[in-house]
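Data block below; observations after.
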Ligand code: ADP
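Numbering (our numbering), first residue to last: -14 to 155.
As structure tokens, this is what we get:
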């Protein structure tokens, strides 16, 4: 039963059990490939591009997140501010109450994003390949100023850790 459930063995009436030829790694990839970002994402924690570095740091503490998504009016993706981005801004000796977050963030079009329908495995590869902790989850929207990315969620290493533990059934 364990071998058929895992996909390593197939079972057919009157044929019996047969080896599917799948490797354990194929099965894990198949399992993760079938789970979409929409099923594991977190709520986006965002500030406006006009917010100060000070307020962005306060939001990081209050919301207990390491990455803040920066949006324009309407919730469209403008940039991403990480812990170290804010640390660097704070260390520069300027008045961080007056300094807008947009000066210290990574901005569009250099933001690596994911989509609700993207397989979790693909989004996890993006986190690793680009060495970042979080990806904004976006839906493209046509506007008068061209296509924009509406922020609908946040995909982080924590989402993967939670899924990993859930898949183990613990
Ligand atoms: P930290 O800077 O705290 O180590 P990250 O490793 O996530 O956190 O961020 C590293 C750099 O990459 C930062 O300058 C940040 O602005 C940028 N960054 C974070 N997430 C993304 C993303 N999804 N797309 C593009 N750049 C990002």
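Backbone N, C-alpha and C define an ideal beta-carbon position, used for all residues, glycine too.
In this text, all values refer to a predicted model and were calculated from it rather than measured experimentally.
Is DSSP giving residue i helix, strand or coil here?
i           : result
residue 73  : helix
residue 83  : coil
residue -1  : coil
residue 17  : helix
residue 109 : helix
Would residue i and residue j qualify as a contact pair, given that the criterion is a beta-carbon distance under 8 Å?
i           : j           : result
residue 125 : residue 23  : no
residue 37  : residue 94  : no
residue 26  : residue 144 : yes
Buried or exposed: which applies to residue i, given that a residue is buried once 16 or more other Cβ atoms fall within 10 Å of its Cβ?
i           : result
residue 149 : exposed
residue 53  : buried
residue 64  : buried
Looking at C-alpha atoms only, which residue of the options is the closest neighbour of residue i?
i           : options             : result
residue 18  : 7, 138, 121 and 104 : 104
residue 119 : 36, 47, 130 and 30  : 30
residue 98  : 81, 117 and 89      : 117
residue 5   : -2, -11 and 16      : -11
residue -9  : 77, 39 and 9        : 9
If we require 4 or more residues per run, which alpha helix (DSSP H) segments fall completely within the stretch 36 to 62? 38 to 48
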